[in-house]
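When we follow my numbering, the leftmost residue of the sequence shown carries the number 0, and every step to the right adds one.
Ideal placement from N, C-alpha and C gives every residue a C-beta, glycine not left out.
This one's a predicted model, so the numbers in the text were calculated from it and none came from an experiment.
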Amino acid sequence: MHWLKNGNIIPNLTEKSRSTDVIVHLKSMFARHGIFSGRNLQAFATDYGFEHVMSSPRFPYLGLLAYRSTPLRNGYSPTELQMGRRLYTTLLTFPAVLKPVLPDIRKMDTKCYDKRHQVRDLSRLSPGGNMWITDTKAQGTVTSAHRNPRSYLVSRLQGTHRRNRHHLVPMTATKNNCEDSQQLHVPEDDMSTSVNCQVIPANVRTRSGRKVIKPKNLDL
């Protein structure tokens, strides 16, 4: 390839040049002068039997990659202003510039929302556990975990239903309390014997600390 003073380029092709060499020279010309789309080029393609395919200038979506990757007057491309990083294009690009640099506002909003509403990760449920279903207000037993995340199959008298994790509340504490209450045994002698005990109320005081004295005429 030879350069002239006026900037024109003369391709250096020999008898041993292959199609790849011609393609390289054509790409260099298209990069400097653009892709030609006139009638002369279409006639040239028809005469030599090759198809010239190009993007329509009235279909802007095909050119969005080049537009979004081109820096603006402020030095940043539209992609950098929107995504905080550059796009991977046909040009050589360092991998470091493809990573986001600007802070992710959505992550900061999520962190503040979780902190304000005390959001926490729910524990996984084991099959056979008794659960309280909040949306149907009924009890059920976990059969197995569903293939979708945070979903479980719960069996009830009406059948098996699928519920999300936040709809299921473990009933272990309530179950233990019921078992403890069933184990209490009161002897019959204690139940038949009643003892009258006089309950002496404690001194009642107001909020300021003064002792409350009830009228004696109310003592009957």
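Option in the options with minimal Cα separation from residue i
i, options, result
"T159", "Q138, R149, Q81 and T45", "Q138"
"R222", "K136, I132 and P169", "Only positions 0 to 219 of the chain appear in this structure, which leaves residue 222 out of reach."
"A95", "K210, R84, I104 and T88", "R84"
"V153", "C111, Y75, N129 and G48", "N129"
"P126", "R206, T109, S16 and V141", "V141"
"L80", "F93, L90 and Y66", "Y66"
"R164", "L156, P148, R155 and Q157", "P148"
"P169", "R204, F35 and S122", "S122"
"H145", "T69, R204, L124 and H116", "L124"
Buried or exposed by the 16-neighbour rule on C-beta atoms within 10 Å, applied to residue i
i, result
"T226", "Examination of residue 226 is not possible in this model, given that the chain is present from 0 through 219 alone."
"V211", "exposed"
"M107", "exposed"
"L167", "buried"
"Y87", "exposed"
"Y151", "buried"
"D179", "A caution first: D179 carries a pLDDT of 48, below 50, which makes its placement in the model too unreliable to give a value."
Delimiting residues of the alpha helix (DSSP H) encompassing residue i
i, result
"S16", "Taken as a continuous stretch (DSSP letters only), S16 belongs to no alpha helix (DSSP H), as it is neither H nor E."
"N163", "Looking at the DSSP string, N163 is not in any alpha helix (DSSP H); the run it does join, the beta strand (DSSP E), is G158 to N163."
"M130", "Run containing M130: none in the alpha helix (DSSP H); it sits in the beta strand (DSSP E), N129 to I132."
"K106", "I104 to R115"
"D46", "R38 to Y47"
"E79", "P77 to M82"
"Y66", "L63 to S68"
Endpoints, the beta strand (DSSP E) within which residue i is located
i, result
"A144", "A137 to A144"
"S154", "S150 to R155"
"L167", "L167 to P169"
Subject >> Cβ pair count under 8 Å reaching 3, the region 8 to 28 against the region 40 to 48 >> reply: Contact fails: fewer than three Cβ-Cβ distances are below 8 Å.
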